[in-house]
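Colleague: Just dropping this structure here.
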Amino acid sequence: MHRSERQLIARLRRRTRSSKSSGVTLGIGDDCAVLEIPRGHEAVVTTDFSLEGVHFRREWQTPECVGHRCLTRGLSDIAAMGGTPLAAFLSLAIPGSIPGAWVTRFFSGLLGLARKHKLELAGGDTAQSPGGVLADITVVGFVRRGRALLRSGARAGDLIYVTGSLGESAAVLQLLTGGKIRRRDVFPQPRIAVGQSLGEEGIASAAIDISDGLSTDLSHICEESGVGAVIDAALIPISASARHSRKALDLALHGGEDYELLFTASEKIRVPERIAGVKITRIGQITGKRGMRLMREGRERPLIARGWEHFSGPRVS
Ligand SMILES: [Mg+2]
């Protein structure tokens with residue numbers, strides 16, 4: 034083990050003490066972490082890459098923001114399953130040229146979000162990267178047995194909802210790539226409390242987090258559930274920065290990295306206007322006929338899952 038790696042682990046060990054999770058029997062320091070899943074629950078596990086030049090650029094985002102978004106990617110998946118996060122694991126490869134202060138600030142952003150959600154960074158690995166920062170986050174959570182929210186539960190007639198607003202990350206990316214602004218941090222909040230409510234209260238029939246864009250993530254629900262969908266363009270909640278763009282609707286439909294939840298619920302269920310303080314908006318309905326449609330100005334046309342491929346620039350958070 035490198036001296037610098039040992040120092041980093043020692044520092045992390047001290048810092049993670051402030052965010053102890055009750056379900057982590059043993060955290061950083063041994064060959065494995067030891068976790069306790071509460072009785073009657075199942076583990077939910079997810080893993081996500083954050084790659085420099087793909088998901089972020091050091092000249093565009095502060096290290097705190099990169100760390101925050103790295104953990105958000107994992108937490109948002111746990112939220113989409115209706116889960117409660119328990120522990121995170123991080124494999125981090127850093128080029129030798131990166132100052133130690135960048136790494137310290139990256140962990141500040143990541144651990145700040147971890148504290149907020151009472152989960153512990155319980156292990157990981159570090160290495161020297163031959164080029165660019167590579168961060169691979171794993172999050173372990175738990176959900177009541179048999180109650181995980183799946184992509185496959187949507188039925189014809191169910192209504193389609195989203196949390197918060199869409200298009201912020203994509204709108205800011207457009208400003209950055211177009212040279213309109215030099216730097217800008219966006220700190221999406223993983224919708225953990227909303228996901229828990231949707232699951233525990235039996236509200237949602239299916240759910241997914243919006244990481245690749247509404248159109249692409251809705252297509253995953255449709256495919257897994259064997260259904261179609263119709264979305265009303267006028268109902269889509271568009272974020273503040275996206276509203277200023279001429280492409281506002283495209284940004285909200287196809288822009289990724291919003292980390293809001295997209296879920297379906299039976300027509301018979303009264304879905305609250307807010308859950309855990311987060312605005313909930315109905316945007317459409319599931320159909321028995323396959324394929325996605327977009328209603329706009331009284332006309333219905335096919336809605337193509339374009340996600341991030343639509344943007345010519347790199348996929349940057
Ligand atoms: Mg996801």
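Sequential numbering from 34 applies to the sequence shown in the numbering used here. Positions of the beta carbon are idealized from the N, C-alpha and C atoms, including for glycine.
Going by C-alpha to C-alpha distance, which of 309, 109, 269 and 264 sits closest to residue 200?
Modeller: Considering only alpha carbons, the answer is 269.
Colleague: Sorted by chain position, which residues of the same chain lie with C-beta nearer than 6 Å to residue 344's C-beta, five sequence neighbours on each side aside?
Modeller: Low per-residue confidence applies at residue 344: pLDDT is 46, beneath 50, and the placement is therefore not dependable enough to give any value.
Colleague: If we require 4 or more residues per run, which alpha helix (DSSP H) segments fall completely within the stretch 212 to 274?
Modeller: Qualifying alpha helix (DSSP H) stretches, in chain order: 225 to 233 and 247 to 258.
Colleague: Is residue 240 near ligand 1, in the sense that its beta carbon is under 7 Å from a heavy atom of that ligand?
Modeller: Outside the cutoff, so no.
Colleague: What do you reckon, is the C-beta of residue 113 under 7 Å from a heavy atom of ligand 1?
Modeller: The answer is yes for residue 113.
Colleague: Please say whether residue 139 and residue 99 have beta carbons closer to each other than 8 Å?
Modeller: In contact: residue 99 and residue 139 (Cβ atoms closer than 8 Å).
Colleague: Report the residue from 260, 212 and 202 whose alpha carbon sits nearest the alpha carbon of residue 246.
Modeller: Considering only alpha carbons, the answer is 202.
Colleague: Using 8 Å as the threshold, is the C-beta distance between residue 54 and residue 123 below it?
Modeller: Cβ distance not < 8 Å, so residue 54 and residue 123 don't count as in contact.
Colleague: As an exercise, report each continuous alpha helix (DSSP H) stretch of at least 4 residues that is fully enclosed by the stretch 114 to 177, in chain order.
Modeller: Entirely contained in the stretch 114 to 177, the alpha helix (DSSP H) runs reaching 4 residues are, in chain order, 133 to 149.
Colleague: Taking 7 Å as the cut-off, does the CB of residue 110 come closer than this to any heavy atom belonging to ligand 1?
Modeller: Checking the Cβ of residue 110 against ligand 1 gives yes.
Colleague: Starting from the Cα of residue 243, find the closest Cα among 171, 284 and 304 and give me that residue.
Modeller: Ranking the options by Cα distance to residue 243, first place goes to 284.
Colleague: For residue 335, which of helix, strand or coil comes out of DSSP?
Modeller: Looking at residue 335 - three-state DSSP - the assignment turns out to be strand.
Colleague: Have a look at 113, 170, 293 and 67 and flag the residue whose alpha-carbon is nearest the alpha-carbon of residue 147.
Modeller: Cα-wise, what sits closest to residue 147 is 170.
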